[in-house]
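Trainee: Protein sequence lines correspond, in order, to chains A and B. Mapping to our numbering: the first sequence position 15 is 476, numbers consecutive. Mapping to our numbering: the second sequence position 40 is 64, numbers consecutive. The beta carbon of each residue, even a glycine, is placed where N, CA and C say it ideally should be. Here you go, one structure.
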Amino acid sequence: QQQVKQSPQSLIVQKGGISIINCAYENTAFDYFPWYQQFPGKGPALLIAIRPDVSEKKEGRFTISFNKSAKQFSLHIMDSQPGDSATYFCAALAGSNYQLIWGAGTKLIIKP
Amino acid sequence: IAGITQAPTSQILAAGRRMTLRCTQDMRHNAMYWYRQDLGLGLRLIHYSNTAGTTGKGEVPDGYSVSRANTDDFPLTLASAVPSQTSVYFCASSDMTGELFFGEGSRLTVL
């Protein structure tokens, strides 16, 4: 019940296309859903996050869509650029417990 | 702005040796974490500390120990390294919003 399942494991998208990464969870106590971006040789960094009181959050080309009833959330990258090539992790957090539950990661490659 | 500083950046170690990975933060965050990252397995929590003086076990604590004598430092010790501990180790801290701030990692190879 603590798992966060992320798919796909890897993704290749043409420049200018839409990249979509999906995550699903079981624990209904989760109330914070961040996405982290990791470039090779670097630590992950927070990209965008959402709480379950909204169904969508947009920051520039990055959008999180959240479906509370389906217990799913996804990251959409519009107009994908080669500089977006990275590994993306979804995660979930329950209340005051600061221990994130992580998805396994998606390696995204944007082809020029 | 340093954030999280990890040392060493990489190390090759003989099996059976003791190794301490250092982690220092300058953000005065209460919570700190150690993760290991292995291909295809994502990030796995080794140990954490919610505040100075307290520590807790994560998902994969066996073979590792930590201490938190003060707010800034959170070293991770491998008492007797084994090849399965070959990995990239990330230290992180978090603020009250839950956002994690990561160091750049320590790549450890145990032969």
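Which residues of the stretch 544–573 of chain A have a Cβ closer than 7 Å to any Cβ of chain B? Give them in chain order.
Mentor: Phe550, Leu554, Tyr559, Gln560, Leu561, Trp563, Gly564, Ala565 and Gly566
Trainee: Touch check for the stretch 78–87 of chain B and the stretch 116–133 of chain B: three-plus C-beta pairs under 8 Å?
Mentor: no
Trainee: Take the Cβ of Leu100(B) as the centre, count every other Cβ of all protein chains shown within 10 Å, and call the residue buried at 16 or more, exposed below.
Mentor: buried
Trainee: Check the Cβ of Tyr72(B) against every Cβ in chain A and list those closer than 7 Å, keeping chain order.
Mentor: Gln560
Trainee: Residues of the stretch 500–513 of chain A with a CB closer than 9 Å to any CB of chain B: list them in chain order, please.
Mentor: Gly502, Lys503, Gly504, Pro505, Ala506, Leu507 and Ala510
Trainee: So, is the C-beta of Tyr486(A) closer than 7 Å to a C-beta in chain B?
Mentor: no
Trainee: Measuring straight from C-alpha to C-alpha, what distance separates Leu507(A) and Gly129(B)?
Mentor: 16 Å
Trainee: Along the chain, where does the beta strand (DSSP E) that runs through Gln467(A) open and close?
Mentor: First-last of the beta strand (DSSP E) with Gln467(A): Val465 to Ser468.
Trainee: DSSP puts Val474(A) in a beta bridge; with which residues?
Mentor: According to DSSP, Val474(A) shares a beta bridge with Ile571(A).
Trainee: Determine whether the Cβ of Leu67(B) lies closer than 7 Å to any Cβ atom of chain A.
Mentor: yes
Trainee: For a contact defined as C-beta to C-beta under 9 Å, what are the partners of Gly64(B) on chain A?
Mentor: Gln470, Ala565 and Gly566
Trainee: Starting from Phe114(B), find everything on chain A with Cβ-Cβ shorter than 8 Å and list it in chain order.
Mentor: Gly504 and Pro505
Trainee: In chain A, which residues lie less than 9 Å from Leu132(B) when you measure between Cβ atoms?
Mentor: What Leu132(B) touches in chain A: nothing, since even the nearest Cβ is about 15 Å away.
Trainee: Under 7 Å, Cβ to Cβ, is there at least one residue of chain A near Phe126(B)?
Mentor: yes
Trainee: Could you tell me the distance, in whole angstroms, from the CA atom of Arg41(B) to the CA atom of Glu517(A)?
Mentor: 50 Å
Trainee: For Gly66(B), which beta-bridge partners are listed by DSSP?
Mentor: Bridge pairing for Gly66(B): Asp62(B) [DSSP].
Trainee: By the DSSP assignment, the beta strand (DSSP E) with Ser117(B) in it spans what residues?
Mentor: Ser117(B) -> beta strand (DSSP E) spans Ser111 to Ser118.
Trainee: For Gly77(B), would you say it is in contact with chain A, using Cβ-to-Cβ distances shorter than 7 Å as the test?
Mentor: no
Trainee: Can you find a C-beta in chain A that's less than 7 Å from the C-beta of Glu83(B)?
Mentor: no
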